[in-house]
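Protein chains in written order, with this note's numbering: chain A, 34 to 330; chain B, 14 to 434. What follows is a single structure, written as structure tokens, with notes after it.
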């Protein structure tokens with residue numbers, strides 16, 4: 034106690050700051066870092082959840098390298114990322130750009146776009162799953178059949194299933210991205226636009242020379258944010274394909290679903306942990322590359 | 014107010030001292046713990062059984078704990094080695110090997126649970142629970158497959174009786190199938206879907222009915238990559254491709270199509286009875302699975318079993334054994350049938366006049382007499398193999414023989430990995 038009393042006010046402030054900071058630090062260590070460390074350790078072990086853990090060295094990683102399903106899943110994951118991120122970026126910018134110019138019922142329109150983001154992914158996935166069914170229950174196919182057009186196999190297809198699953202995921206994320214974009218657009222000082230208009234510049238030049246360059250931090254944020262989201266996609270896929278998770282023939286299976294399946298259906302914890310470590314590494318790399326791009330501005 | 018509080022405190026003290034006094038007088042009761050996963054009817058049935066058991070054994074109390082199915086295995090695995098958790102545990106028959114290997118359960122003593130008696134008294138597929146001359150676990154109830162049919166659609170199409178064999182199955186299914194003007198199927202004759210129960214129908218029923226064996230005796234070697242297996246798969250895929258009496262994924266799930274009255278026939282397990290009963294306006298019947306054209310019968314049975322864990326010792330062990338024999342008694346099985354709708358594991362209960370001729374349970378119970386139990390290394394992965402097998406013929410146009418060979422190889426790999434440990 035005497036020790037504390039002898040501290041200067043500044044030092045006391047530091048002690049208190051650390052005391053309060055210790056709570057989230059401890060929380061993070063226990064909830065995040067400890068399990069992460071354990072997962073890395075388990076990835077070098079064999080464990081079926083029931084018996085003892087045995088060390089197996091790099092066996093799980095070698096198995097992963099030689100597993101054709103892993104490479105299929107790897108490609109799927111990047112398909113989600115490479116289709117999902119640019120698509121949602123362009124769509125959300127277009128919506129935000131035009132929504133920004135709408136005065137009539139602006140708040141209501143914004144709410145409509147934000148609504149899907151607030152909806153539970155599970156509920157949304159099941160509704161879309163129903164949309165995609167074949168005649169007589171599926172909404173889309175009933176409409177097609179009503180016009181005498183042949184049905185489309187949305188989910189029961191190795192080529193259509195991935196885009197079909199991705200569509201509601203993109204739609205669900207749009208609301209958030211639109212709001213961020215609109216905030217970014219509003220933050221651009223109007224004086225730039227006034228100066229441009231005085232100079233008689235067209236809308237295309239304004240868009241490409243003023244709006245987009247000044248939105249760069251916003252764009253980078255949305256790209257990083259949605260990339261992480263698409264790399265970790267799980268709930269939409271799982272709920273739309275519960276009968277045959279990630280199917281048909283692994284056509285929609287993302288990495289997280291493979292991890293889940295390995296861990297909680299096959300109870301092969303070591304192998305699942307190895308997949309987790311790989312996913313973690315991918316996420317880390319993608320995020321670091323994108324942050325590097327941010328810093329270069 | 015103050016006075017009231019004092020009074021309350023005094024009353025509490027007296028009551029608790031009275032409680033202590035009585036418990037000191039009576040013999041120390043043994044408390045054992047029973048764990049199962051949460052399913053409403055199962056919990057109700059078990060509560061009834063525990064009540065009956067405690068009435069018979071006043072010195073034993075049974076505490077039941079249940080968990081959502083998703084957490085069940087993890088909780089059991091964490092609790093028992095830590096010396097916590099159940100003395101008697103319920104587990105899926107397919108998990109038995111893992112539980113034995115992990116030392117979570119102990120064999121039932123041969124003097125009270127004589128293997129020869131169990132062999133004689135239970136339906137034959139229960140013998141999968143016997144290892145090295147002793148039983149490790151016993152079921153209260155079992156499940157089997159049967160053919161559900163929609164009575165209203167049968168009447169409408171003028172069909173008098175459910176199909177007796179596979180030829181009749183196709184014939185009747187054709188009469189029940191409806192299409193719209195564009196040729197889109199709007200009502201299926203029979204539902205299909207390897208993701209539901211069809212993978213069992215294929216493995217244990219169709220492959221055998223076409224003259225093959227799905228596995229070797231120990232279920233360690235895949236045997237369906239044969240002419241018989243190919244014939245069975247051809248029959249199965251032809252239901253959609255050749256005869257056009259079904260569409261895989263029709264109305265999302267086979268049971269959904271049947272419940273909606275859009276399917277004439279549907280193969281499913283006895284556990285579906287309860288949810289079909291809850292559908293108003295659906296008139297349905299049950300028949301035994303169709304036989305092969307030469308009359309060969311087969312069926313698949315699965316079950317949940319009860320076992321004594323390695324945690325139970327001393328007087329708890331004795332109490333756990335008593336509880337085990339109580340919940341595998343004839344009376345317990347009748348309660349389980351009445352409350353949960355699952356079939357008795359002993360012919361002495363199942364084959365009674367009333368049960369075997371029950372219009373709903375009867376066909377399932379009769380099926381038990383010739384049912385087999387697949388010993389899975391990993392049921393969901395092995396099911397996935399068959400799901401993919403049919404998907405390859407359907408979506409990628411692969412030939413039946415080729416797809417079957419790939420499936421057999423993939424499943425063999427799962428079995429080899431599992432048994433090499």
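Glycine included, C-beta positions come from ideal geometry on N, C-alpha and C. Since the model is a prediction, treat every value here as computed from it, not as a measurement.
Under 9 Å between beta-carbons, which chain B residues line up against residue i? List them in chain order, please.
i              : result
residue 191(A) : 404, 408, 409
residue 184(A) : 195, 197
So which residues of chain B does residue i contact, with C-beta pairs closer than 7 Å?
i              : result
residue 93(A)  : What residue 93(A) touches in chain B: nothing, since even the nearest Cβ is about 13 Å away.
residue 281(A) : 404, 408
residue 181(A) : 195
residue 277(A) : 208, 400
Do you know how far the Cα of residue j is from the Cα of residue i?
i              : j              : result
residue 72(B)  : residue 67(A)  : 45 Å
residue 166(B) : residue 189(B) : 7 Å
residue 218(A) : residue 241(A) : 13 Å
residue 294(A) : residue 393(B) : 9 Å
residue 333(B) : residue 322(B) : 9 Å
residue 39(B)  : residue 63(A)  : For residue 39(B), the predicted model reports a pLDDT of 49, less than 50, meaning its position is unreliable and no value from the coordinates is stated.
residue 156(A) : residue 36(A)  : 58 Å
residue 274(A) : residue 173(A) : 18 Å
residue 361(B) : residue 135(B) : 8 Å
residue 223(B) : residue 205(B) : 19 Å
residue 198(A) : residue 150(A) : 16 Å
residue 261(B) : residue 135(A) : 47 Å
residue 183(A) : residue 101(B) : 57 Å
residue 228(A) : residue 222(A) : 11 Å
residue 161(A) : residue 207(B) : 23 Å
residue 255(B) : residue 267(B) : 19 Å
residue 341(B) : residue 81(A)  : 30 Å
residue 132(A) : residue 264(A) : 29 Å
residue 128(B) : residue 87(A)  : 35 Å
residue 292(A) : residue 293(B) : 41 Å
residue 344(B) : residue 110(B) : 29 Å
Whose Cβ in chain A lies nearer than 9 Å to the Cβ of residue i?
i              : result
residue 193(B) : 168, 169, 178
residue 301(B) : Ordered by position in chain A, no residue passes the 9 Å Cβ test against residue 301(B), which lies about 26 Å from the chain.
residue 421(B) : In chain order: nothing, as chain A lies at least about 17 Å away.
Which term fits residue i, buried or exposed, when burial requires 16 or more other beta carbons within 10 angstroms of its beta carbon?
i              : result
residue 107(B) : buried
residue 282(B) : buried
residue 253(B) : buried
residue 428(B) : buried
residue 145(A) : exposed
residue 109(A) : buried
residue 42(B)  : exposed
residue 317(B) : buried
residue 34(B)  : With a pLDDT of only 42 at residue 34(B), under the threshold of 50, the placement of this residue in the model should not be trusted; the figure read from the coordinates follows. So residue 34(B) counts as exposed.
residue 303(B) : buried
residue 376(B) : buried
residue 216(A) : exposed
residue 59(B)  : buried
residue 412(B) : exposed
residue 391(B) : buried
residue 39(A)  : exposed
residue 46(B)  : buried
residue 48(B)  : buried
What does residue i reach in chain A if we use C-beta pairs closer than 7 Å?
i              : result
residue 199(B) : 168, 169
residue 87(B)  : 82
residue 111(B) : 81, 83
Given that residue i touches chain B, what residues does it touch there, using C-beta distances under 8 Å?
i              : result
residue 196(A) : Those within 8 Å of residue 196(A) in chain B number zero; the least Cβ separation is about 16 Å.
Who are the neighbours of residue i on chain A, taking C-beta pairs under 8 Å?
i              : result
residue 263(B) : 167
residue 260(B) : 167
residue 394(B) : 298, 299
residue 90(B)  : 82, 83
residue 117(B) : 83
Q) In chain order, what residues of the stretch 69 to 85 of chain A put their CB closer than 9 Å to some CB of chain B? A) 79, 81, 82, 83, 84, 85
Q | Residues in the stretch 50 to 77 of chain B having any Cβ partner in chain A nearer than 8 Å | A | none
Q) Of all the residues that make up the stretch 128 to 159 of chain A, which are near chain B by a beta-carbon distance shorter than 8 Å? A) none
Q: Quick one: which unbroken beta strand (DSSP E) runs of 3-plus residues sit fully inside the stretch 41 to 115 of chain B? Chain order, please.
A: 43 to 50, 73 to 80, 101 to 105
Q. Taking a cut of 9 Å between CB atoms, which residues from the stretch 280 to 299 of chain A lie near chain B?
A. Those would be 280, 281, 282, 283, 284, 294, 297, 298, 299, in chain order.
**Q.** Contiguous alpha helix (DSSP H) assignments of at least 4 residues, all confined to the stretch 267 to 337 of chain B
**A.** 267 to 272, 286 to 290
Q. In chain order, which continuous runs of the alpha helix (DSSP H) of length 4 or greater are located wholly inside the stretch 97 to 136 of chain A?
A. 101 to 134
Q: Identify each residue in the stretch 369 to 395 of chain B for which the Cβ-Cβ distance to at least one residue of chain A is less than 8 Å, and report them in chain order.
A: So the close ones are 391, 393, 394.
Q: Anything in the stretch 329 to 352 of chain B with a Cβ closer than 9 Å to a Cβ of chain A? List those residues in chain order, please.
A: none
Q) What are the start and end residues of each continuous beta strand (DSSP E) run of 3 or more residues lying completely inside the stretch 181 to 260 of chain B, in chain order? A) Runs found: 198 to 203.
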